[in-house]
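Trainee: Numbering (our numbering), first residue to last: 1 to 95.
C-beta: ideal position from N, C-alpha, C; glycine also.
All figures in this text were calculated on a predicted structure; none of them were measured in a lab.
Have a look at this one before I ask anything.
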């Protein structure tokens with residue numbers, strides 16, 4: 001497995017024809033862009049992690065639930081980070 005930098009990942013993802021692209025970077029936060037906006041970044045919340053299992057899935061669930069309701073990509077990313085933060089702190093439970 002070859003590891004690449006965030007800049008290299010963003011350069012590669014910029015070649016993809018997509019309406020929106022997110023590059024999740026764990027505890028750092030999320031880089032995101034649209035076909036109309038250049039790369040932006042929202043930092044992750046500074047929290048005490050209790051359990052990382054499911055954090056990525058939680059981010060995407062939060063992101064897509066907002067994005068598919070026609071909120072801005074910034075708000076969708078913020079929602080994804082918020083939901084992932086709840087999961088990381090074991091404050092979000094699944095039935």
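On the three-state DSSP scale, how would you describe residue 30?
Mentor: strand
Trainee: With burial defined as no fewer than 16 other Cβ atoms inside 10 Å of the residue's Cβ, what is the status of residue 16: buried or exposed?
Mentor: exposed
Trainee: Out of 78, 32, 80 and 1, state which residue places its alpha-carbon closest to the alpha-carbon of residue 7.
Mentor: 32
Trainee: Assuming residue 40 is part of the beta strand (DSSP E), what are its boundary residues?
Mentor: 40-43
Trainee: How far does the alpha helix (DSSP H) with residue 21 in it extend, from its first residue to its last?
Mentor: First-last for residue 21: 20-24, but that is the beta strand (DSSP E), not the alpha helix (DSSP H).
Trainee: Taking residue 50 as the reference, which of 88, 11 and 10 has the closest Cα?
Mentor: 88
Trainee: Is it buried or exposed, residue 26, if we count other Cβ atoms within 10 angstroms and call 16 or more buried?
Mentor: exposed
Trainee: Shorter than 7 Å, the distance from the beta carbon of residue 30 to the closest heavy atom of the ligand ATP, or not?
Mentor: Among the ligands in the structure shown, none appear at all, so the ligand ATP cannot be discussed.
Trainee: Using the three-state DSSP reduction, which class does residue 73 fall into: helix, strand or coil?
Mentor: In this structure, residue 73 counts as helix in the three-state DSSP scheme.
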